[in-house]
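Colleague: Numbering-wise, our numbering comes out as the position in the sequence shown, counting from 1, plus 188. Even for Gly, the Cβ is constructed at its ideal location relative to N, Cα and C. My structure is below; once you've seen it, I'll send some questions.
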Amino acid sequence: MTYRSTKWLILIIPTITIGVWEYIRHTLLLPYLSMEAGNALAPVIVLAVTVTLVRKLFAVLEETRQALERERIGSASLREREQLARELHDGLSQSLFLLSVKLDLLDRADLPENAKRTSEQIRSTVKHIYEDVRQLIDNLRTPVACQDDSLLQSVGRLAAELEESGAMQVELDIEMEGGLLSSKEKVELLAIIREAMFNAQKHAQAERLAVSCRHDAVNGGFVCSVTDNGSGVRPQQMHAAGRYGIRMMRERAEAMGWTFRIESPASVPGENGGNAGTRVEIAARRRTT
189 MTYRSTKWLI LIIPTITIGV WEYIRHTLLL PYLSMEAGNA LAPVIVLAVT
239 VTLVRKLFAV LEETRQALER ERIGSASLRE REQLARELHD GLSQSLFLLS
289 VKLDLLDRAD LPENAKRTSE QIRSTVKHIY EDVRQLIDNL RTPVACQDDS
339 LLQSVGRLAA ELEESGAMQV ELDIEMEGGL LSSKEKVELL AIIREAMFNA
389 QKHAQAERLA VSCRHDAVNG GFVCSVTDNG SGVRPQQMHA AGRYGIRMMR
439 ERAEAMGWTF RIESPASVPG ENGGNAGTRV EIAARRRTT
């Protein structure tokens, strides 16, 4: 039922109720019911219909209005993300690319050895910044592209992107009902999963990655995890000043009321960093006991 049709029903039901009552009274009940009694019953019948049927329509109208408002806010947010991604691409991303080209020209010049080393360090920094900007643009644009896809399809595209680049092997184990997540929850969860996947590639140098998402029937929510076989994460790295990825994932999860946890043997004091691996877990609990 649409918002407009619900409003019209609320308006015409009392009128239809009076019309039906008057017709029944004059055609069937007139020999048995006096005019005064019929007039007295009319507002009672309208009130009864209003309390039962029209009140339910008001509840439907309010739910529809709230859904439309959420959709409007979500659409505005997605448009802002797309605009920000476009500005980053047209501005900062292209400026970094131009700077890289100028560094190429500088490398061809006859420079002292220390200047060449400095140039190479600048090139490395520019490359990392450029990759971060490109990843940020992808993070901003991906939710727009995944609105009509299932979580499996959206994560599958991320996995294919990593595998096609030859970075790592990705295993997916996603079994979640289509209606379990709202549009906003899906966008936020996908952003966290994406960040965890690309962190495993970029910082942990992982070769294998497993993404698991399952419905938690006991708590009425879900549990998602991203597990890699990389170098692991140490405590000082989790809280370091430059680690915006971990902070972003944690803040996104907390804003949605989810729990966020990172587990790694490298984060345990006295453990060897080695190929410790890292497990990022996001869980939602919707049922209280």
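#1: Check whether the Cβ atoms of Met364 and Phe410 sit closer than 7 Å, and answer yes or no.
#2: Would you call Arg374 buried or exposed, if buried means 16 or more other Cβ atoms sit within 10 Å of its Cβ?
#3: What does the Cβ neighbour count give for Ser452, buried or exposed, with the cut at 16 atoms within 10 Å?
#4: Look at Thr466 and Val399 and say whether their C-beta atoms are less than 7 Å apart.
#5: Under a three-way DSSP split, which group does Asp416 fall into?
#6: Find out if the Cβ-Cβ distance for the pair Ser342, Leu378 is shorter than 7 Å.
#7: Can you look up Asp185 in the DSSP assignment and give me helix, strand or coil?
#8: Near Leu280, what residues of its chain come up, given a Cβ to Cβ distance below 8 Å and the 5 sequence neighbours on each side ignored?
#9: Please classify Val406: does DSSP put it in a helix, a strand, or coil?
#10: Can you tell which of Leu241, Val232, Leu229 and Leu218 has the C-alpha that lies nearest to the C-alpha of Ile198?
#11: At the level of alpha carbons, what is the spacing between Glu439 and Met356?
#12: Which residue wins for smallest C-alpha separation from Cys412, given the options Arg305, Ala392 and Met437?
#13: Thinking Ile380 and Ile470 are a contact (beta carbons under 8 Å), I'd like their distance in whole angstroms, please.
#14: If the criterion is Cβ atoms closer than 7 Å, does the pair Val232 and Thr205 meet it?
#15: Using the C-alpha atoms, what's the distance from Ala264 back to Arg270?
#16: Given a threshold of 16 other Cβ atoms within 10 Å of its Cβ, counted over all protein chains shown, does Met223 qualify as buried or as exposed?
#17: When DSSP labels each residue in this structure, what does Gln254 get in the three-state scheme?
#18: Please report the straight-line C-alpha distance between Met179 and Leu339, rounded to a whole angstrom.
#19: Can you tell me whether DSSP reads Arg311 as helix, strand or coil?
#20: In whole angstroms, what separates the C-alpha of Leu397 from that of Glu250?
#21: Is the Cβ-Cβ distance between Gly433 and Gln393 less than 7 Å?
#22: Under three-state DSSP, which class holds Glu376?
#23: From the DSSP output, in three-state form, read off Glu351 for me.
#24: Could you tell me whether the Cβ atoms of Glu351 and Val358 are closer together than 7 Å?
#25: Decide if Gln389 is buried, meaning its Cβ has at least 16 other Cβ atoms within 10 Å, or exposed.
#26: Please classify Leu293 as buried or exposed, where buried requires at least 16 other C-beta atoms within 10 Å of its C-beta.
#27: Let me know if Thr479 comes out buried or exposed under the rule of 16 or more other beta-carbons within 10 Å of its beta-carbon.
#28: Below 7 Å between beta carbons: does that hold for Val314 and Leu284?
Modeller: Put simply:
#1: The answer is yes: Cβ separation under 7 Å.
#2: Residue identity check: residue 374 is Lys in the sequence provided, not Arg. It counts as buried.
#3: Buried, since its Cβ has 16 or more Cβ neighbours within 10 Å.
#4: Contact flag unset, no.
#5: Looking at Asp416 - three-state DSSP - the assignment turns out to be strand.
#6: Taking the C-beta atoms as reference points, Leu378 is found nearer than 7 Å to Ser342.
#7: The structure shown does not extend to residue 185, since the chain spans only 189 to 477, so no value can be given for it.
#8: The residues are Val321.
#9: Coil at Val406, not helix or strand.
#10: It is Leu241.
#11: Roughly 27 Å between the two C-alpha positions.
#12: Comparing Cα positions, the closest option is Met437.
#13: Between Ile470 and Ile380 the Cβ distance is about 6 Å, and since that is below 8 Å, they are a contact.
#14: Not closer than 7 Å, so no.
#15: In the sequence on display, residue 270 carries Glu and not Arg. Near 10 Å, if we compare the C-alpha coordinates of Ala264 and Glu270.
#16: So Met223 ends up on the exposed side.
#17: In this structure, Gln254 counts as helix in the three-state DSSP scheme.
#18: This structure cannot settle anything about residue 179, because the visible part of the chain is limited to 189 through 477.
#19: When DSSP states are grouped into helix, strand and coil, Arg311 belongs to the helix group.
#20: Computed Cα separation, rounded: 44 Å.
#21: No, Cβ-Cβ distance for Gly433 and Gln393 is not below 7 Å.
#22: Reduced to three states, the DSSP call for Glu376 is helix.
#23: Helix, per DSSP.
#24: For the 7 Å CB-CB criterion, Glu351 and Val358 form a contact.
#25: Residue burial is scored here from C-beta neighbours: Gln389 has at least 16 other C-beta atoms within 10 angstroms and is therefore classed as buried.
#26: So Leu293 counts as exposed.
#27: Limits of the chain in this structure are 189 at one end and 477 at the other, which puts residue 479 out of reach.
#28: The answer is yes: Cβ separation under 7 Å.
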